[in-house]
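Read left to right, the sequence shown gives residues 1 to 236 (UniProt numbering).
These notes concern the structure reproduced below.
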Amino acid sequence: MTSLNEDEIYAILSRVGDEEEAVPLNDLDSEVEDILETDSEQPTDASSDSNDEPLRASNISRRRRINSSDLSDRARLTEQISSGERKQAAQIIFPSNNNLRGKNGHKWSAQSSEARTSRTQSRNVVHIIQGPKNEAKTAITPLEQFKLFVSDSMVSIIVLNTNVEISTKREKYAAKTATVSDTCAKEIYALIGLLLLAARKKDNHLTTAELFDPAESGIKYISDMSKDRFAFLLNC
């Protein structure tokens, strides 16, 4: 088998240098020096030197042949790795559209989101100043604030229509007591206040008799109006 000299090995290393790290020539020189140092410990007589010359040459050539085979194995391994990377790259799907839509209608973006280092977009800025506005700024007492939701004009309409219904139902009563008399704006406000109080106290699940029973709910309801008047106004 033909052995490689140092020039041929250097040429092989130059070609493979782009794919892998080449083996430094200093390592080859050191290996040769190690062989030479080992051989220098042999007998120094003339006959011994003449017999060892072919042996040293064959050892050096065999070592160089091993190095060349290692380079070819490394080259094949590099080709296998690069072919595997190409297969992995072939499995990656690059969509033609930047936006993808799933079966459930969810919209996906094929582009990675960039870090937001700029100001918040104007459409995402809330330009609402918290707090009361317009007439609510001048409402100080609870009654003034309540009338912003239930105004006097609304209560006037309720009073007008309630009195019409009361006059119709009054004909069915033999005794014309205060229970079936006409109502006014103050009484309607009191009625709405009782309903709000029942909701606030979570008493809206109780019956009218339980609401106006001092043993059940105290005097907070019965001190405002009677049980019969409360039930009559609700029916009207």
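Here a beta-carbon is modelled for each residue, glycine too, at the ideal position from N, C-alpha and C.
Could you pull the DSSP bridge partners for residue i from this structure?
i: N100; result: Going by the sequence as given, residue 100 is Leu instead of Asn. Beta-bridge pairing links L100 to W108.
Does DSSP put residue i in a helix, a strand or coil?
i: F230; result: helix
i: A215; result: helix
i: I166; result: helix
i: Y10; result: helix
i: Q91; result: helix
i: D152; result: helix
i: Q145; result: helix
i: R15; result: helix
i: S118; result: coil
i: E171; result: coil
i: N235; result: helix
i: G131; result: coil
i: N204; result: coil
i: A139; result: coil
i: K186; result: helix
i: I192; result: helix
i: T177; result: coil
i: residue 306; result: Any question about residue 306 goes unanswered here, given that the chain covers just 1 to 236.
i: K220; result: coil
Mind checking residue i: buried by the 16 CB within 10 Å criterion, or exposed?
i: A57; result: Since pLDDT at A57 reaches only 48, below the 50 mark, its modelled position is unreliable, and no value is offered.
i: T183; result: buried
i: L148; result: exposed
i: L13; result: buried
i: R229; result: buried
i: F94; result: exposed
i: Y221; result: buried
i: L143; result: exposed
i: L100; result: exposed
i: I233; result: Note that residue 233 corresponds to Leu in the displayed sequence, not to Ile. So L233 ends up on the buried side.
i: E41; result: Here E41 scores only 45 on pLDDT, less than 50, and its place in the model should not be relied on; the value that follows carries that caveat. When all chains shown are included, E41 counts as exposed.
i: E53; result: Note that E53 has pLDDT 49, beneath the 50 cutoff, so the model's placement of it is unreliable and no number is given.
i: L25; result: Reliability fails at L25, whose pLDDT of 47 lies under 50, so the model's placement of it is uncertain and the value that follows must be treated cautiously. Exposed.
Using a Cβ-Cβ cut-off of 7 Å, state whether residue i counts as contacting chain C.
i: V180; result: No chain C appears in the structure shown, which is made up of a single protein chain.
Touching by the beta-carbon criterion (3+ pairs, under 8 Å), the region 180-196 and the region 143-156: The region 180-196, when compared against the region 143-156, does touch it at the 8 Å Cβ threshold.
Can at least three beta-carbon pairs, one atom from the region 164-181 and one from the region 208-217, be found at a separation below 8 Å? Contact between the region 164-181 and the region 208-217 is absent: fewer than 3 CB-CB pairs across the two stretches fall below 8 Å.
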